[in-house]
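Asks: Right, I'll just put the structure down here and ask away after.
In our numbering, the protein residues as written are -6 to 258.
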């Protein structure tokens, strides 16, 4: 029995087991590969930031640079002094630019009039050593006295004065000024009030205990050696009490029996 003609158009492309195995493997691998590619694409766009240069080399260098920079200068090179305008912009503008803390504002002729009357020498002296709320050299101890004088002339001449520009010191004078340490302000220690001596309370008198009576020494018993010495000392007395043996001259004449009577027992 033969199949109908329309059944030949619906035959499967998988005709062997090998083709079936390859189809199953590809059905698993292709979706997994697509998912991995999509995850990497999304993660990379999030890390770099879409439409920004935050991960560029220049941006990274700006973020990791130190807060305080430094500049290498040759120690043997002659010092280049700052101008009055440079000193004003770097140090003096914090107070004199806005007129805070009672400082005369830059360009205000009425505020600077009473200070200009004091003269150039007093203005420079007060600027170097400090006065009132202003610290010495405006708080910048690295400034030279000549640079401070330049800043004073710059501010006062723009506020109604007509001081001459100070002369630049020689190289030897500038080296000595740098070597000399800045004068330190004298600090007087605070005075302490005198200590009051408080009277000491009298010590309580304690009764002394009466001395205990010492026990009388007991007589020691006589030792055997003492007893023998006493017996020996007493034996001559007993011997002296015995009757003396009569001599032959005192014996009475007569029978020998009478002689026996005189024999001591």
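All C-beta atoms in this analysis are idealised placements derived from N, C-alpha and C, irrespective of residue type, glycine included.
So is residue 35 buried or exposed if we call it buried at 16+ other beta carbons inside 10 Å?
Replies: Exposed, because fewer than 16 other Cβ atoms sit within 10 Å of the Cβ of residue 35.
Asks: So, with DSSP's three-state summary, where would you put residue 18?
Replies: In the structure shown, residue 18 sits in a helix (DSSP, three-state: H, G or I).
Asks: Going by C-alpha to C-alpha distance, which of 13, 130, 105 sits closest to residue 148?
Replies: Taking only the C-alpha atoms, the option nearest residue 148 is 105.
Asks: Which residues in the same chain as residue 141 place their Cβ atom closer than 6 Å to its Cβ, once the five residues preceding and following it in sequence are excluded?
Replies: Same-chain partners within the cutoff: 120, 121, 130.
Asks: If you count every other CB in all the chains shown that lies within 10 Å of the CB of residue 143, and 16 or more means buried, which is it?
Replies: It counts as buried.
Asks: On a Cα-Cα basis, can you pick out the residue from 155, 196, 124, 13 that is closest to residue 109?
Replies: Of the candidates 155, 196, 124, 13, the one whose C-alpha sits nearest the C-alpha of residue 109 is 155.
Asks: Since residue 56 is in the alpha helix (DSSP H), which residue starts that stretch and which ends it?
Replies: That run of the alpha helix (DSSP H) goes 50 to 57.
Asks: Exposed or buried, residue 77, counting other C-beta atoms within 10 Å across all chains shown (16 or more means buried)?
Replies: So residue 77 ends up on the buried side.
Asks: Could you pull the DSSP bridge partners for residue 127 from this structure?
Replies: 124, per the DSSP bridge assignment.
Asks: With DSSP as the reference, label residue 119 as helix, strand or coil.
Replies: Reduced to three states, the DSSP call for residue 119 is helix.
Asks: In the DSSP assignment, the alpha helix (DSSP H) including residue 103 goes from what residue to what residue?
Replies: From DSSP, the alpha helix (DSSP H) with residue 103 extends over 102 to 110.
Asks: What whole-angstrom Cβ distance do residue 153 and residue 102 have, given they're in contact under 8 Å?
Replies: The pair is a contact, with the Cβ atoms about 4 Å apart (cut-off 8 Å).
Asks: Rounded to the nearest angstrom, what separates residue -6 and residue 11 at their Cα positions?
Replies: In this prediction, residue -6 scores a pLDDT of 45, lower than 50, which makes its location untrustworthy; the coordinate-derived value is nonetheless stated afterwards. Looking at the two C-alpha atoms, the distance is approximately 29 Å.
Asks: Where residue 111 and residue 46 are concerned, what is the direct C-alpha to C-alpha distance, given to the nearest angstrom?
Replies: So the alpha carbons of these two residues sit roughly 58 Å apart.
Asks: Where does residue 83 sit, in a helix, a strand or coil, going by DSSP?
Replies: Looking at residue 83 - three-state DSSP - the assignment turns out to be helix.
Asks: Can you tell me which of the three DSSP states residue 139 falls into?
Replies: Helix.
Asks: Helix, strand or coil for residue 9? Go by DSSP, reduced to three states.
Replies: Coil at residue 9, not helix or strand.
Asks: Among the candidates 135, 126, 139, whose CA atom is the shortest distance from the CA of residue 117?
Replies: Looking at the Cα atoms, 139 is the closest of the given residues.
Asks: Could you check what DSSP says for residue 32 in three-state terms: helix, strand or coil?
Replies: Correct three-state label for residue 32: helix.
Asks: Are the CB atoms of residue 84 and residue 125 nearer to each other than 8 Å?
Replies: The answer is no: Cβ separation not under 8 Å.
Asks: Should residue 93 go down as buried or exposed, given a rule of 16 or more other Cβ atoms within 10 Å for buried?
Replies: That one is exposed.
Asks: Taking only three categories from DSSP, how would you classify residue 151?
Replies: Three-state result, residue 151: coil.
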